[in-house]
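Chemist: Just so we're aligned, residue 923 is where the sequence shown starts under my numbering, counting upward by one.
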Amino acid sequence: MRVNYGGSDGSYFPFLPFIMPEEGVDLAAGDEQMHFNCTLANTERELAMIVKQRAETEDDNAQQFLSVFEREWTKNKGKGFVEFNFEDIMPETVIKGTTQPKSIVVLTDNSCGSAGESFVETCKKSRKVHVMGRPTMGLNDYANLVCKDWKEGFELLYPTSRLSRVDANEGMTGVGIPPHTHIPWTSEHVRIDVDLDKALKYLSSKT
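(1) Quick one: is E994 buried, meaning 16 or more other Cβ sit within 10 Å of its Cβ, or exposed?
(2) Could you tell me the boundaries of the beta strand (DSSP E) in which K1073 lies?
(3) With DSSP as the reference, identify every bridge partner of E945, one or two as the case may be.
(4) Under three-state DSSP, which class holds F958?
(5) Look up F940 in the DSSP assignment and say whether it is helix, strand or coil.
(6) Label N1091 either buried or exposed according to how many other C-beta atoms from any shown protein chain fall within 10 Å of its C-beta, with 16 as the threshold for buried.
(7) Taking the C-alpha atoms as reference points, what is the distance between L1125 and P1081?
(8) Which whole-angstrom value describes the C-beta separation of L1085 and N1066, a residue pair presumed to lie in contact below a C-beta threshold of 8 Å?
(9) For R1087, tell me which candidate among S989, Y1064, D948, K1128 has the shortest Cα-Cα distance.
(10) Determine the DSSP secondary structure at H1111, reduced to helix, strand or coil.
(11) Quick one: Cα of P1101 to Cα of M923, how far?
(12) Is E1077 helix, strand or coil by DSSP?
(13) Answer yes if the region 1095–1114 comes into contact with the region 1032–1050, meaning at least three C-beta pairs across the two stretches below 8 Å, and no otherwise.
(14) Please list, in chain order, all residues of the same chain as K1001 whose beta carbon is under 6 Å from its beta carbon, the five residues on each side excluded.
(15) Among S1025, I1114, K1073, which residue has its Cα nearest to the Cα of K1050?
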């Protein structure tokens, strides 16, 4: 997940069974919530983006993800901050995994943001995964950007959602998602892939 600027959370859902342990992990554990600010203007801009995104992809999973977002934005138009219903995308929050692989290393750095960070945070819930490298960007306290553009050629991207952890002063802004094993960046990284070497040594120790 190094130099990963994000995208759609739905894009990594197919990987979850391989990432999670056999007994499963409840991804909804805890009281974390994401609230979307469904003002009239935000809804109109978000729906316009969804129409464009649906025309640009043929992937069935992505289309389903976009359909749910379209439904939730439309249903909650003008209601302000609300929590969306994503049961159609993930009807079961307890995700059971596979036997193989038994051990996984995820490499991160401060160029990992948005959906990339969501993936790293999800991976950290699995006992099979060990995250190595440096903390991520820390972008997801406020996310799901929409665009306001002007005919003069100017655009403003701004977030429409916020995580409830911000209210408890537990946000990730300026902090990021910390790895299990921190590998400080040094000049040695210019010559060799220090992170990858440490990851291979870690996996060798597990076998």
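Beta carbons are placed, not taken as given, at the ideal position from N, Cα and C, and that holds for glycine.
Modeler: According to the data block:
(1) buried
(2) First-last for K1073: undefined, no H or E at that position.
(3) Assignment of beta-bridge partners to E945 by DSSP yields no partner.
(4) strand
(5) helix
(6) exposed
(7) L1125 and P1081: Cα-Cα distance of roughly 38 Å.
(8) Actually they are not in contact, since the Cβ atoms of L1085 and N1066 sit about 11 Å apart, beyond 8 Å.
(9) Y1064
(10) Here H1111 carries a helix assignment [DSSP, helix/strand/coil].
(11) 12 Å
(12) strand
(13) yes
(14) Non-local C-beta neighbours of K1001 in its own chain, meaning closer than 6 Å and more than five positions away in sequence, comprise C960, ordered along the chain.
(15) For K1050, the nearest C-alpha among the options comes from S1025.
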